[in-house]
Structures are given as C-alpha cells and as structure tokens.
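Heads up, the thing below is written out as structure tokens.
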Ligand code: ADP
Ligand code: MG
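Residue numbers (the numbering used here): -16 to 681.
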C-alpha cells in the first residue's frame, strides 16, 4: 500500500490524458503531481447561473445561454494558428462561439446537439459572439462520455500560465479531485474541527475545487484560512515558549526605592497609561526570562519617558542598558533628553553615532566593554556592529516596527539575553500585531499627556493657500515655529535635497521672506544636521524646510505648524507621523497638507479623512484597509513565507479564532508532543521552523 504522500506524488499526467504542451505548462506552475494540484486553490469562481435568451444578452457580463449546434467550422490561420467556430441557435436567434488554437474543440461538437455556453458575450457584426465559452453538453450521449465537465453552475477560476486554459484546469480538477480528495490526511485535531465548526479536509478539497454553491466555497476557504493562521500562531507560540526556556536574562526588580529615585528625576508626573506600561515592564524585568515587549502608543503619547524609566531601572541594578533609534537625529535627541534628566545623577551615558571621530569611538567602545559606561544611545546600526557590552541588561529600540529574529539574536551571548523593549508610533492594526508580533507582549499607551489638543488639520487647495500662509506668518510672529516638509522622493537623496533647496528659495523670496528659515535633509553631514536641528530646537530658526528625516520622533514642543507639500505621495500613517511633530507642547498644533488642482478625487478624499481623524489607531485601520499590511508585515525581511490563502484585512475574524485555538492547544500540549498534534507540529516546523529559528524540541 502506498502511503498518502506517495499517492499524492502521482503525476497528473498519469491520471489525466494531457498533451505535452499542457504537461509543460503544469510543470511551469510547479504542479506536476496531484498533491500540488489539490492544494493549488482556485483564485475565484464564476457563476454561470445567469441563464438568458440570446436576445436578452448584455455585453461584458458573464451570462449563460442554451441552444442547438447548427454549424461547426474550423479554419487554419497559418503559422500553426487555428480557429474553431460553432454556431448555436435558440429559437430563431444565433450566437457564435469561437476557440483560438484549440483545434480539438472541433471534435467536441456535433450538429443538433444541445449545449450550454457561458462567457462574457460581445456584439460583432450584428451577432452575439462568445470567445472560449465554458461549455456543458446537455442531454445526449456526449455528455455521458464527457464526464470531466462538471455540471455545477459555479466554475473555479485558476491562476494560469500562457498556454494553459481554464478549460484544461477544470478538466484536471474534474478528474483529480474526485479520485484524490480523500487521500490527504487531516491535519487539524478532531476537537478543533468540532469546536470551530470546520470542514474536514476531503470535503474541503472537493468544495473548493468543485463547489455546488458559494456557501460551500466559503466554508472550505474558511477551513484552509484557519489552518494557515493556526499554524502561524502555533509557530509564534512555540517561539515565545522557546525564548523563555532557552534564554536567561538578569532579574531586575523595580523596588519601591528604585521607583522613587527614578520618578524624582522625571520632569512630569506619569500619565495613567505610562504608569500602567511601566508596571507591565516592571513585572517582565523582574524575571529571568527575557522581556520581549512591544510598547505602542500614538505619536506624542510619551513613550520616551517609559523607555527612560526602564533604562534607569536597569542601570540601577548595575547592568548596562542601550537605547537605539532609527536615525541619528533621533538618537541625538534622546541623548539631549537624557542629558537634561541625568544632570544630577551618576549615570554614565554616551552617544555612539556615525559622526564620532575614530579616537572617540574607540574609547567609547573600550568603555562599553570595560563596563565603564552604563547607558549607550545610538542608532539601530549598533545592533549590527556587535558592540561588546560587559553586562547588557536591557535594550530599548525606538520607532522600529520591524524587529527581526536576527536583531534579537545580535545582542545575545550564549544563553544570556538582555531584556527587550520595542517602541512603535505607527499604530499597528490588531491583526498585524497578532501575526507579526505574535511572539511579543504588547503594552499600549492609550492616553496622552495632559493638556494635549489634537492637531487641527486642513486640506489646503490652491485658492486657500494665500490665507493659510497669512495665518502661518501670524503664528510665527507670535513666537511659534514651523516645519515645511517637501515631497518624498524615494529614488534619490540628491533629488530630495534639491526639492528642499527649491522650496527654501521659493519660500524665502516669497511667503516667508521676513523669517529665519533653515534646511534639513539627508545629504547634509551628521554634524550639519545636528546643528540645523539644534538651531531649530533653540528657536534661532523659525521655519525648518526638511525632507522626511524629521518624520519620526523629533520633539520640539514650540513647533506648532506642519506644512506638507505634495501630501499625495505619503501614506496616511506617514502623514500622521509628520503631523505628530507639532502640537506637542502647550500650544495647539496646525497641519496643512497643500494640494494642487490635479490631485484626483479619491486622493483628496483620503487626505480629507486624514485631516478629519486624529487617532493614529483609527488611521492605521483605514490605511490598512486601503492598502493592506504592505511592508508593515515585513515578511521579506523576516524570511517568513507569505500567506497562501489568508488575508489579514479580510480574515481578521478567523485570525482571532485561530489564535484562540493555538493558545488553547499550546496550553494543553506546549511541545505539541501528543500524537494527535504530530501533523500540525510537522507542518509548523516545515513552514516556519527556519524563519523563526524554532528548534525541533518541544
Ligand atoms: P512619543 O510617544 O511620540 O515618542 P514623546 O515621548 O516624544 O512621544 O513625548 C511627547 C511629548 O510629551 C514630549 O515633549 C514629552 O516631554 C511630553 N511628555 C511625555 N510624558 C509626559 C507627561 N507624563 N506629562 C507631560 N508631558 C509629557
Ligand atoms: Mg518617540
């Protein structure tokens, strides 16, 4: 007896008589075996139930007609090309069906046969025509012989390569699915099938390829989506479990004394949200299993203070701590913040960025290794450089929503791992955080520091620009400051720098002639950038014309105006980040996105939605629904294989169920060692083992 796997390896060509070109096409689709075919799901279905008399047809809508074959002809058109034409009549009306380069179709039709044809018809030369219609032979001996042709009104649509047709794929489905659908073994344990009302595997395969109706398709698809998400959730649970078992971190108890010492240093009373996050972090830090926590909070919610608290708690125990930011500007800003706070304390901290002289750099690295520095602030590049710490206890990574396996691995030594806190201001839709960050615990800052008002945002068209600049000049005269962000030009820093220069010229010789304006872009040296930022921070510059280098994290409380040119080039989440640069102090913030005449309506609507919505979480959901998880999911970076059938935007509900099921399974059987779970476990390891570094232990 062959095993199920051996049976599924049967070449399709052994089951269905195919011509060599089709065999080659199948190979190109990586579908040589019946197993491949079974799990290559249709991408859609067409409903052939819209049956009409020929004189009631409409162009370009999928419809079905019935008639009698009254003429069959086939014509060679040279160069190996051919055309088969079939004329059918229904009462007195005629419809012509044509097939190109499928000469064998000629043999399928006989005069006087009753047939049913489905396609999107076209009117040509006063007669309805269907090209390559899906055809069913009705009520004669041919229909009996042609048993491959399924007779449901619902026909699968497969992804094709050139040379392959839906006709061939459906023929294969008609042969392969009934014969082999029951061969694959059930992966999902019986209790899971029952608890979540899932269709068993064989039934699902039949329903997804050869459905009788759409309800069947939906149930079958739900089963496969559930399975895919369940396997991922199990992998994430396994990963989390293994992290706990395999790595040790120093336990850093935040005693009442330490808490008092830290809070005394902080310039503000903590918001309830900050307090809650700090308490959650405190519990994690007090354990010898490394913390893996994501802190998310809208722009301006005060994540830095939470990070500082955690860093100081770590340093209080004599362990080193590191704070990493995505840009040098932000790293420097964090260093400034800490400088102010740590003025009176004995904490030894240092900024490690690209601009340092090599002597300084060497010295810093030596001090880190010798344990003569407590706190290191730098860019994410620190992770790659394998800086040698003496006794690293905590790493805080700011503004990073992609936090890969490699990065976490980078700072481990043997089984010793620091605690990790990742902070993101790009609110992450729940479905994404449940998949991408499924192995992280999440703390959410859901309040804002007191007195914060939402930034008033406007979509400013050409006719309103004059008024807006007038308003802006008044604000500047009152002592406020402004950012002007010029179009994001992805291709080149040079072009971006030019657009900054151009905007600078225009503004200083026009709208902002009377004000102190400065520029900031990626082409400047780190020192130049830092100086420009500092002049702005000190208020010497009133307006900073910049690229999106200021997008993340920049915190200048006196800046209250954000003016964005060509906003259509930005995603909503990014606009929200930019807007988050203002309204951070006691002054209300204003944001203007400046649009041209040419901006199309849907874009204008998207921008208006941005202007009308102040919650980053809400905007993230809108952006997500519009554009999908995009690179947020970061699958390429993680090496995590993309989903085959699941879609995070559409399948949020199934994801919740699959996650619950995974937690339940994992709670009962953390190693998935129970024989009932063996197949699930094998699938998890096959799919995610490498990407998530899952060890093949329980
Ligand atoms: P983000 O979460 O975007 O990183 P920041 O940490 O930069 O936000 O904080 C935004 C602003 O709010 C900063 O100017 C910071 O000093 C201020 N802030 C943070 N926490 C508080 C608080 N508890 N009370 C008052 N102001 C606060
Ligand atoms: Mg921040």
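C-beta atoms are modelled at their ideal positions from N, C-alpha and C, and glycine is treated no differently.
One thing to note: residue 149 has its Cβ no nearer than 8 Å to the Cβ of residue 101.
Short of 6 Å from the beta carbon of residue 117, and not among the five residues preceding or following it, lie these beta carbons of its own chain, in chain order: 101 and 138.
The criterion of a C-beta distance shorter than 8 Å is not satisfied by residue 370 and residue 509. Boundaries of the beta strand (DSSP E) harbouring residue 139: 137 to 140, taken from the DSSP string.
The Cβ-Cβ distance between residue 504 and residue 530 falls below 8 Å. Relative to ligand 1, the beta carbon of residue 31 is positioned no closer than 7 Å to any heavy atom.
Relative to residue 365, the option among 308, 652, 113 and 280 whose CA is nearest is 308. The criterion of a C-beta distance shorter than 8 Å is not satisfied by residue -2 and residue 168.
With 16 or more other Cβ atoms from the protein chains shown falling within 10 Å of its own Cβ, residue 545 counts as buried.
For residue 275, the secondary structure class from DSSP, reduced to helix, strand or coil, is strand. Assignment of residue 268 by DSSP, reduced to helix, strand and coil, places it in the helix class.
The beta carbon of residue 277 sits closer than 6 Å to those of 405, 420, 423 and 425, all from its chain and outside the five residues before and after it, given in chain order.
Under DSSP, residue 464 forms a beta bridge with 542. Checking the 7 Å criterion, the Cβ of residue 466 is out of range of every heavy atom belonging to ligand 1. Residue 382 has its Cβ nearer than 7 Å to a heavy atom of ligand 2. Within a 10 Å sphere around the beta-carbon of residue 94 sit fewer than 16 other beta-carbons, which makes this residue exposed. Judged by beta-carbon spacing, residue 378 lies beyond the 8 Å limit of residue 293, meaning their Cβ atoms are not closer than that value. With three or more CB-CB distances shorter than 8 Å, the region 655 to 674 counts as touching the region 208 to 219. Within 10 angstroms of the beta-carbon of residue 53 lie fewer than 16 other beta-carbons, which makes it exposed. Residue 51 and residue 71 do touch by the CB rule: their CB atoms are close to 6 Å apart, below 8 Å. With a cutoff of 8 Å on beta-carbon distance, residue 542 and residue 577 are scored as not near each other. Annotation: the continuous alpha helix (DSSP H) that includes residue 555 extends over 555 to 562. Using a 10 angstroms sphere on the CB of residue 493, the tally of other CB atoms stays under 16, which defines it as exposed. With three or more CB-CB distances shorter than 8 Å, the region 248 to 259 counts as touching the region 317 to 332. Rounded to the nearest whole angstrom, the C-alpha separation of residue 444 and residue 632 is 32 Å. About 4 Å separates the beta carbons of residue 256 and residue 428, which is inside the 8 Å limit, making them a contact pair. Rounded to whole angstroms, the gap between the alpha carbons of residue 230 and residue 259 is 26 Å.
Ligand 2 approaches residue 287 closely enough that one of its heavy atoms is under 7 Å from the residue's Cβ. Under the three-state reduction of DSSP, residue 12 is assigned to coil, being neither helix nor strand. In terms of Cβ geometry, residue 587 and residue 574 do not form a close pair [threshold 8 Å].
In summary, residue 136 is buried, with 16 or more beta-carbon neighbours lying within 10 Å of its beta-carbon over all protein chains present. With a minimum length of 3 residues, the unbroken runs of beta strand (DSSP E) contained wholly in the region 320 to 397 fall at 332 to 335, 358 to 362 and 375 to 380.
Beta-bridge annotation (DSSP): residue 403 is paired with 275 and 378. Between the C-alpha atoms of residue 241 and residue 407 there is a straight-line separation of about 26 Å.
Each residue's CA atom was taken as its position, placing residue 10 and residue 467 some 55 Å apart.
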